[in-house]
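Numbering (this note's numbering), first residue to last: 138 to 1070.
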Amino acid sequence: MDYQFKDIEQKWQQFWADNKTFKAENTTSKPKYYVLDMFPYPSGAGLHVGHPLGYIASDIFARYKRLKGFNVLHPMGYDSFGLPAEQYAIQTGQHPSVTTEANIATYRRQLDQIGFSFDWDREVRTSSPDYYKWTQWIFMQLFNSWYNKDADKAENIAKLVEHFENKGSAGINAVSDEEVLSFSAGEWKAFNLQEQQAELLKYRLTYLRESTVNWCAALGTVLANDEVKDGFSERGGYPVEQKKMMQWSMRITAYAQRLLEGLDTIDWPEPLKEMQRNWIGKSVGASVRFPLDKTTHLSQLTTNYIEVFTTRVDTIFGVSFLVIAPEHELVAEWTTPEQKADIDAYITQTKKKSELDRMADTKTVSGAFTGSYVTNPLNGAQIPVWIADYVLAGYGTGAVMAVPSGDQRDYLFAKHFNLPIIPIIDIQNIEVEADPTKEGKYINSDFINGLSYKEATAAVVAKLEELNLGKAKVNFRMRDAIFGRQRYWGEPVPVYFKGGLPYLIEEEHLPLLLPEIDKYLPTESGEPPLGRATGWKHEHGEYELSTMPGWAGSSWYWYRYMDAHNDKEFASREAIEYWKDVDLYIGGSEHATGHLLYSRFWNKFLKDIGKVVEEEPFKKLINQGMIQGRSNFVYRLIDDEGKGTNTFVSHGLIKDHKTSPLHVDVNIVENEILNLNKFKAWREDFADAEFILENGKYICGVEVEKMSKSKFNVVNPDDLISRYGADTLRMYEMFLGPLEQSKPWNTNGIEGVFKFLRKFWKLFHDADFNFNVSNEAPTKAELKSLHKIIQKVEQDIERFSFNTSVSSFMIAVNELTDLKCNKRAILQDLVITLAPYAPHISEELWTLLGNPAGSISTAAYPKFNPAYLVEDEFSYPVSFNGKMKTNVSLSLTMEAADIEAAILANADVQKYLDGKTPKKVIVVKGRIVNIVI
RNA sequence: GCUCAGAUGGUGGAACUGGUAGACACGCAGGACUUAAAAUCCUGUUCCCGUUAAAGGAGUGCGGGUUCGAUUCCCGCUCUGAGUACCA
């Protein structure tokens, strides 16, 4: 029979499911290998053809690793808490769990059709109570921990309490809120429980505090920084504003340095690491205090200095003014009565500016003078204090020392408000703009005059420390991660409130189940949806009303796969010590500063508390490219009145007509040629459409856009599978181009891959499609074809170059077809090399060859023998001055010196030499010769 | 603006450490089989000139450089895509 992909694929998918062929064991003598995909959010639209790209690549790798003798863990699950299900619930009243369940069923059906080798016994769902029990448990561990900077790790909060009881707050070097109390052991003990808890909250790794958040009114929730793009929500594109709220936060900043250093130890794409580095944003500098100048008299001062952060302390003698952010907490008290009107007007003006205006308008210089002066701590110079919106409240101390000669923004500000610009380096050129050079020697700079950058920086820091007015400081751009969402469909926070302070629920009461509610909207009083739940309280107080953010469940899920059904721990010690970490993680780069950063953070924390063994969770990471949509257009003719007609103009002719483009379903277009009958049937109003054709065809226009229903450019894997089969789809997705490259989907070439699989099938069959392989010994030429592909597939998979492997398979099969090769010894090995790419057809042929069903999954990958690739005789390409001219056939047994002589004796070479003596003859081991004349 | 990635035929793309550029596939053209179509198979297909054939010339975004030899390395530029955005 001809290649019957439908029967074959159904049969083997059933076989794999029935026999649990891909079940991974947690103990075995084989070495382990963990291949992980980023688990999907099960959206209602189902999978389009772009989603499985990474899954196919990881599946090929997983299957290959099994052939190479590894015990492979290759699981799949669902990140099933999320916004879309909840919004659907708001509109329809349908419980999100019902929608989610239905979507998961669709996803599972689609995934199964592609023939993945997942171990489905280990499936996880973040929205399942068995799972989120442990997400809540990890939250509790974070709540019960603080970061000890001396030990450089997280420790149990009990240790901190013990220290407070014995020594008070002295000697504690922790990552904490800014305003912590100083107290003695006695004072600590005198605090009441309430006061103690309030103080401890400032140290906990997950904590509650009033913070400025990105509030999205349309979504009714706060968003993390990485969920906001240009002032709008990433999901839905709704406006986002800044708002102060009591919020749960995660002290990820405690791990900033380790998150940065860890990047050097992992095999990730460099651009991705760079994105994380930028996000963490380490800058090394100093904090400096500028005391209030004697000439300024203010009442009601909380502090009599302003602290700034700078990366260039060496330029401190060039400071001619100070700028603080309009939102800075000291603005009000540092404004003199005379300047109050000015300052108030300015603050009102900046408040009016939206986030977007402020970003777009970076050219205009604006600001206002507070009327106050500070003193330069090193030379006593009197320095005015200004406010301006180019200084951000959220970074550093929200105040900067302005050095117009060295910083362009300060320079423009000084020019605009006529403030002095002091040159401080001898080679500085500040005629038209600031010059931030670090070369040259300092001038106008007191005790650092004549020093170099490095010497000056050290000297200034030393002096400031001596005066107790400044110190070296490292600053990070990264902020603590907001951890609360005012939504329903997420993990409940396992906390109740007593006296306005949070307390953990008892561990034995986990999971804290998500309660049922009547509507999925905020309450009338503006509380989150959980405020509607009846009886939502602990015996000692009300439960928290916000739920955890989307990234909570995905920040540890790879551990759950190791031991997915454990109800005593998130995963057993043995399982974690066996699987350790993820060897290969494949997913999109859009998670660079979200999921991938939070996961590294939680992993480091879990390592600190001794629950996991590796510092980094994902040893190697590959970013698959995004598959874009490829839209087709038809061009509707416009009549003289400007109205659209029912006549359509072929793309090549549109310059001669007045037309308007219209998206057309890509599924009725093949190689840009519109199927006219299908077009007429596509929409009722096109039933009597007329066409202006070129060469008898209607050619459509093409554009690359995002894949979406409204653009009619969604290609569904189900359609392709029913037409060509899963093996063809798998190989075609790989054939499309390099895995890491983004590219538009184009179904045009899929026939080529389908033809290849049919030829492959035919190799094993005679003209009447009877299975027909011979037991004769293979010839040299056949062995050469086989070993070329054995080597190539191995090399390609190891370097994730799957597209070139597909080409090599085609070459090998063409060669063997030409040789009419049906030798068992060749075909048996050949089918193993193809198995990772096209598993169904391989399984079928493997059993036809007489092997036990299913045993191909763990067959040994054929051993490559280079001897088969060596030829007895080969030809040397000969070039003259680098230009190819001729080939000279030589025997392999010749010595190097003889080769040169034989080449020069060749008739063609003689002809090109034309009697001249060559200056040099270069013979390279790659069998290349260049003769320099 | 800054950071990163990329640019090769009509199209997707190959060329692993500098060594015969365009593998493989799509498309297109021609042919075989067929009453016809589908399927299959064969031949050709970077461009220019020429053409029965041969021979010749140019060519990997643009301009330079290093080298016997550059798609590959170096310098400058243009364009495209992604990330980021007053970070002191």
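Ideal placement from N, C-alpha and C gives every residue a C-beta, glycine not left out.
Just so it is clear, the structure is predicted and the values come from calculations on it, not from any experiment.
Setting aside the 5 residues that flank it on each side, Ala863 is surrounded in the same chain by Glu146, Gln250, Ile251, Gly252, His977, each with a C-beta closer than 7 Å to its C-beta; the list follows chain order. Here the alpha carbons of Gly418 and Arg395 stand approximately 13 Å from one another. Within the region 266-335, the complete beta strand (DSSP E) runs of at least 3 residues fall at 282-285, 290-293. Of the candidates Thr349, Phe755, Phe946, the residue whose Cα lies closest to the Cα of Lys929 is Phe946.
One thing to note: Leu900 has its Cβ within 8 Å of the Cβ of Thr954. The alpha-carbon separation between Val719 and Lys748 amounts to approximately 16 Å. Rounded to the nearest whole angstrom, the C-alpha separation of Met383 and Ala708 is 33 Å.
The Cβ neighbour count for Phe1011, taken over all protein chains shown within 10 Å, is under 16; the residue is labelled exposed. About 39 Å separates the beta carbon of Gly766 from that of Val630, a gap too long to meet the 8 Å contact definition. Beyond the five residues adjoining it in sequence on each side, Ser1016 comes within less than 8 Å, by CB distance, of Lys1022, Ile1065, Val1066, Asn1067, Ile1068 in the same chain, given in chain order. In the displayed model, Asn760 falls within a strand according to three-state DSSP.
Beta-bridge annotation (DSSP): Lys674 is paired with Glu679.
A distance below 6 Å between beta-carbons, with the five flanking residues on each side excluded, links Arg200 to the following residues of its chain, in chain order: Ser254, Pro973. Between the region 635-644 and the region 596-609, the count of C-beta pairs closer than 8 Å stays below three; the two stretches do not touch. Around Gly531, the same chain offers Thr349, Arg616 as residues with beta carbons nearer than 8 Å, after the five sequence neighbours per side are excluded. The beta carbon of Leu651 is closer than 7 Å to those of Pro629 in its chain, skipping five residues each way along the sequence. In its chain, beyond the 5 residues on either side, Ala729, Thr730 have a beta carbon closer than 7 Å to the beta carbon of Met412.
Here the C-alpha atom of Lys917 lies approximately 29 Å from the C-alpha atom of Lys202. Secondary structure note for Gln519: its beta strand (DSSP E) is the uninterrupted segment 519-524. Contact check for Pro233 and Ala222: beta-carbon distance about 4 Å, within the 8 Å limit, so the pair qualifies.
Gly766 carries a strand assignment under DSSP once its states are collapsed to helix, strand and coil.
By the neighbour-count criterion, in which 16 or more other beta carbons inside 10 Å mark a residue as buried, Ser787 falls on the buried side.
Residue pairing of Arg346 in beta bridges, as defined by DSSP: Gln384.
Taking C-alpha positions only, Pro557 is separated from Arg414 by approximately 36 Å.
As the crow flies, the alpha-carbon of Ile585 is around 10 Å from that of Ala595. For Leu173, the three-state secondary structure derived from DSSP is strand. Using a C-beta cut-off of 8 Å, the region 734-752 makes no contact with the region 839-856, since fewer than three inter-stretch Cβ pairs fall below that distance. The residue from Val803, Asn940, Thr884 with its alpha-carbon nearest to that of Ser845 is Val803. For Lys1048, the uninterrupted alpha helix (DSSP H) segment begins and ends at 1044-1050. In this structure Ile227 is in contact with Leu658, their Cβ atoms being roughly 6 Å apart against a cut-off of 8 Å. Apart from sequence neighbours up to five positions away, the residues of its chain that approach Ala393 with a beta-carbon distance below 6 Å are Ile417, Phe613, Met615, ordered along the chain. Residue range 796-801 is occupied by the beta strand (DSSP E) that includes His800.
Taking C-beta separations shorter than 6 Å and ignoring five residues to either side along the sequence, the partners of Asn740 in its chain run Pro754, following chain order. Here DSSP, grouped into helix, strand and coil, assigns Met947 to helix. Between Arg245 and Gly214, the gap from beta carbon to beta carbon reaches 8 Å or more. Under the criterion of beta carbons closer than 8 Å, Ser195 and Leu721 qualify as touching, at roughly 7 Å.
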